[in-house]
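Beneath this line is the structure, given in structure tokens, with notes to follow.
Protein chains: 2
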Amino acid sequence: MKDGPDIARIAALIGDPARANILTALMSGKALTATELAREAGVTLQTTSGHLAKLERGGLTRALKQGRHKYVSLADDEVARVLEALMGLAAKAGHLRTRTGPRDEALRKARVCYNHLAGDMGTRLYDRFIVRGYLGRDGESLILTGSGAAFVRDFGIDLDALDKGRAPLCRDCLDWSERRAHLAGSLGRVLLTRFEELGWARRDPATRVVHFSQSGESQFDRLVQGVT
Amino acid sequence: MKDGPDIARIAALIGDPARANILTALMSGKALTATELAREAGVTLQTTSGHLAKLERGGLTRALKQGRHKYVSLADDEVARVLEALMGLAAKAGHLRTRTGPRDEALRKARVCYNHLAGDMGTRLYDRFIVRGYLGRDGESLILTGSGAAFVRDFGIDLDALDKGRAPLCRDCLDWSERRAHLAGSLGRVLLTRFEELGWARRDPATRVVHFSQSGESQFDRLVQGVT
DNA sequence: TAAATGGTTCGACTATGGTCGAACTATGAA
DNA sequence: TTCATAGTTCGACCATAGTCGAACCATTTA
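Chains A and B supply the protein sequences, listed in that same order.
Going by this note's numbering, the first sequence opens with residue 189, and the numbers climb by one from there.
Going by this note's numbering, the second sequence opens with residue 189, and the numbers climb by one from there.
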């Protein structure tokens, strides 16, 4: 009965409501400070401090002390993927909990998932990149093709600056609302940033919703629909 | 702070050691009876009964009453994927817990993951199918190509019988020991069954280890290495 | 320096929930 | 029928761990 790694340890770590709220908040990809997380989790700062220590020891989060602030972020984008997958299960198995309120609607349409675009618009972007041959498969890993690199560069992104980090450029991430993949990895991150730069979209700092302006959304649609 | 589905509920469900043991045991893909699971989990039958009720209500397992026995299995292969992903995190984050014992070695080499082959041999099989063009990508989903179908049929598998189920034929599943994908879905399942039929391999009923016979392993190697 | 803000540590309280013994139901075998 | 095995339910016990108040560091600002 001791097969494989100790799955209960980290599942229990995620299983506490306060910690789950913290992790969900961190799915925005932004590094949040302890007090912000306390507000998000609905518990006091002392309690949060204890939770953060546990999450860190469990390898789920990373903390960076800067001045008198403690900036916390998810340890890894694998952690984000696991959380997203858990949300998928919860959305399906959680019986009646799927009452789609108005904000829920917005979350389904476009939200941020560990710094990249998720939701309906995220999966549409991903699909389009696949169909156009911008993204390909090399064995198991996702790669950016030559034409894809050209397109991305043309979109105003400095690819060479990205390659410096050792984090994978592309990755797919299962979307809990769409139940399909969207683009993750550093490329996914920089694309969302570019959308913000262009004024197409802005993130709601409180929720994980990504708001597109009217012109931004139409431009995005044009990008995604293409001619082919 | 109520964004998305309730992730803590099911994470807590997985987070109890006894329940985690139960779920891990069910990763073998076989439907196990309550007493077997009780032995596996290391708790009494009464306790197990309670756990099983919770797991079922949480949508993680399915139960089938047959005579005076209760056969329990994982609800979904999405559940299996989440568990496998959690194992990946635990294997990485779980600091010192990665002392590779001898049985652990066998688990890494070949094990069963919800009825399909996982571990080193599973990923090798998957990679080979990709390289040979047996498996392809259609957008986000994994598909069996024409040549792949021909090969599988030639291997003695009745594909038409498989298509009847509405479960996806192919699916990739992240391997916690190899940290790469292996083949899941009904095709993955039937392939493992075929290996057993051919006498190449047999499952250890107690652990999740898949034992290959010497000739079986060499034949598998030939299958995977090929000429190309 | 003092005051204020951000975090941590300690201790005590409390409750949720896992655990088992015992009694009970249900199915199958003799 | 009686006996045995498989599961469930109930009740009581108990431990783990989440929670906050209070006091305590640390850093920045006045």
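Heads up, the beta-carbon is just placed ideally off N, CA and C, and yes, glycines get one too.
For I345(A), the nearest beta carbon of chain B is not closer than 8 angstroms to its own beta carbon. Nearest CB-CB separation between M309(B) and chain A: not below the 8 angstroms threshold.
Under the Cβ criterion (8 angstroms, minimum of three pairs), the region 229 to 243 of chain A counts as touching the region 202 to 214 of chain A. Counted as a single uninterrupted DSSP element, the stretch harbouring F400(B) is not any alpha helix (DSSP H) but the beta strand (DSSP E) occupying residues 398 to 400. Residues of chain B with a Cβ closer than 8 angstroms to the Cβ of L274(A) are, in chain order, I195, I198, A199, V270. I331(A) places its beta carbon 8 angstroms or farther from that of I202(B). Residue pairing by DSSP places S261(B) opposite R250(B) in a beta bridge. Counted as a single uninterrupted DSSP element, the alpha helix (DSSP H) harbouring L233(B) occupies residues 233 to 245. Residues of chain A whose Cβ lies closer than 9 angstroms to the Cβ of A208(B) are, in chain order, D194, I195, A196, R197, A199, A200.
For the 8 angstroms CB-CB criterion, R359(B) and D265(B) form a contact.
For L225(A), the uninterrupted alpha helix (DSSP H) segment begins and ends at 222 to 229. Interface flag for K297(A) against chain B is unset, since no Cβ pair is found closer than 8 angstroms. With its beta carbon at least 8 angstroms from every one in chain B, V398(A) lies outside the interface. In summary, the residues of the region 206 to 238 of chain A whose CB is separated from some CB of chain B by less than 9 angstroms are A206, R207, A208, N209, L211, T212, A213, M215, R227, E228, A229, G230, in the order they occur in the chain. Secondary structure note for L305(B): its beta strand (DSSP E) is the uninterrupted segment 304 to 306. In the DSSP assignment, R207(A) falls within the alpha helix (DSSP H) that extends over 205 to 214. Between the C-alpha atoms of R256(A) and I198(A) there is a straight-line separation of about 29 angstroms. Here A389(B) is bridged, per DSSP, to F400(B).
Nearest CB-CB separation between V300(A) and chain B: not below the 8 angstroms threshold.
Bounds of the alpha helix (DSSP H) holding R341(B) are 334 to 342. Counting other Cβ atoms within 10 Å of its Cβ, T236(B) reaches 16 or more and is therefore classed as buried. For S261(A), same chain residues with a beta-carbon under 7 angstroms away, outside a window of 5 residues either side, are L214, A219, T249, R250 in chain order. Excluding the 5 residues flanking it on each side, R396(B) has same chain C-beta neighbours closer than 7 angstroms at M215, S216, L295, R299, V300, in chain order. In the same chain as R316(A), and ignoring 5 residues on each side of it, the C-beta atoms closer than 6 angstroms to its own belong to V412, in chain order. Here the alpha carbons of E405(A) and V270(A) stand approximately 29 angstroms from one another. At a C-beta separation below 7 angstroms, L277(B) has these neighbours in chain A: I198, E266, V267, V270. G203(A) has a beta carbon lying within less than 8 angstroms of a beta carbon in chain B. The contact set of K280(B) on chain A, defined by CB atoms closer than 9 angstroms, consists of P193, G247, D264, E266 in chain order. Across the set E272(A), G307(A), A200(A), the C-alpha of G307(A) shows the shortest separation from the C-alpha of V398(A).
Judged by their CB atoms, G324(A) and H370(A) are not nearer to each other than the 8 angstroms cut-off. Annotation: R410(A) to L313(A) spans about 11 angstroms, alpha carbon to alpha carbon. In the DSSP assignment, R299(A) falls within the unbroken beta strand (DSSP E) covering 299 to 301. Your pair R320(A) and G344(A) does not check out as a contact, with CB atoms roughly 18 angstroms apart and the cut at 8 angstroms. In the same chain as W388(B), and ignoring 5 residues on each side of it, the C-beta atoms closer than 7 angstroms to its own belong to F400, S401, G404, Q407, F408, in chain order. Within the DSSP bridge table, the entry for R296(B) names no partner.
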